[in-house]
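Inspection log for the structure reproduced underneath, given as structure tokens.
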Amino acid sequence: MGSHGKGKDGEGTSGLKDDDKYEPQLRFHTPTAAAPQRQMQDGYVERVVHQRLKRVNITWNHPVSRDVAVIGSWDNWETRDTLHLQSPPHPHAYAIVKALPTGIYHYRFIVDGYLTHAPEFPWAFDHSGFPYNILDLQDYIPETAARLGDAQDPPSPPWTYDNMLLNDDEFGRPPPELPPQLPLTTRDDPSSSSTVLPRPSHLELNHLYIHKTDGGDFAALRSTEKFGQKYVSMVLYKSLPRER
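Position one of the sequence shown corresponds to residue 1 (UniProt numbering), numbered consecutively onward.
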């Protein structure tokens, strides 16, 4: 069914609009069997009492001579709900608040006894060529969230698991005298080197390193700090006293 919607999708709310030239199209006839209508209405209330309901504000924003009401597919077009005139400064604003389960509904307004629709809301034609409004109360899940919900972590291969326990030799093993990363943090490139130095590792930051060789005349002290996105290394050379 083609749609000729001329309003934004929403939950029954809109801006105000005066349209003195708008005329209803279809005469509304009140059902004569009141008792069956009451029974169907009670059955509808009983069915939706355990469902999650959404509050929706349905509005009519055009001139009315006597009264305006609304009927819809939410109860098989059985109940005629009267809209109430809103407070100034909007002289033609009529509204009603309904609590409905999630879903898509069709509805029409009854204006001064004639069935019609609000052209500023989403609407379409039925099989007889008469227009009706569309109310969409579905819960839409973003596509990204839906994909994340269906995603599953790949199973880990069995060989990645073991039940090996630590023995006494591993608990009694002495720690290394020097950190194993220490030989990897030495930088002896001159400051005038034209090559770009690699980024220092976290092991080098905020540590003081000393380098001294047996029989040498100097000892070198080095420290690296980070300032923003840059690294600054400072090296201090100190002469050693000569042995007599």
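No residue lacks a Cβ here, since even glycine has one placed at the ideal position from N, Cα and C. Just so it is clear, the structure is predicted and the values come from calculations on it, not from any experiment.
DSSP places residue 121 in no beta strand (DSSP E); its state is neither H nor E.
Contact between the stretch 104-114 and the stretch 65-84 is present, with at least three C-beta pairs closer than 8 angstroms. Per DSSP, residue 72 is not a residue of any alpha helix (DSSP H); the beta strand (DSSP E) it occupies stretches across 68-72.
The beta carbon of residue 205 sits closer than 7 angstroms to the beta carbons of 224, 225 and 226 from its chain, once the five residues preceding and following it are set aside; these are given in chain order. From the listed residues 233, 115 and 94, the smallest Cα separation to residue 77 is found for 115. In the three-state DSSP reduction, residue 168 falls in the helix class (H, G or I). Per DSSP, the continuous beta strand (DSSP E) segment holding residue 53 begins and ends at 53-60. Burial check for residue 61: the Cβ neighbour count within 10 Å reaches 16 or more, so the residue is buried. Distances from the alpha-carbon of residue 180 to those of 59, 80 and 203 put 203 closest.
For residue 75, the three-state secondary structure derived from DSSP is helix.
DSSP places residue 101 within a strand segment (E or B) once states are collapsed to three.
Of the residues assessed, residue 160 falls on the exposed side of the cut-off, its CB having fewer than 16 other CB atoms within 10 angstroms. Counting only the Cα atoms, residue 166 lies some 11 angstroms from residue 172. When secondary structure is reduced to three states using DSSP, residue 158 falls in the helix class.
Approximately 6 angstroms separates the beta-carbon atoms of residue 240 and residue 217; this is inside 8 angstroms, confirming the contact.
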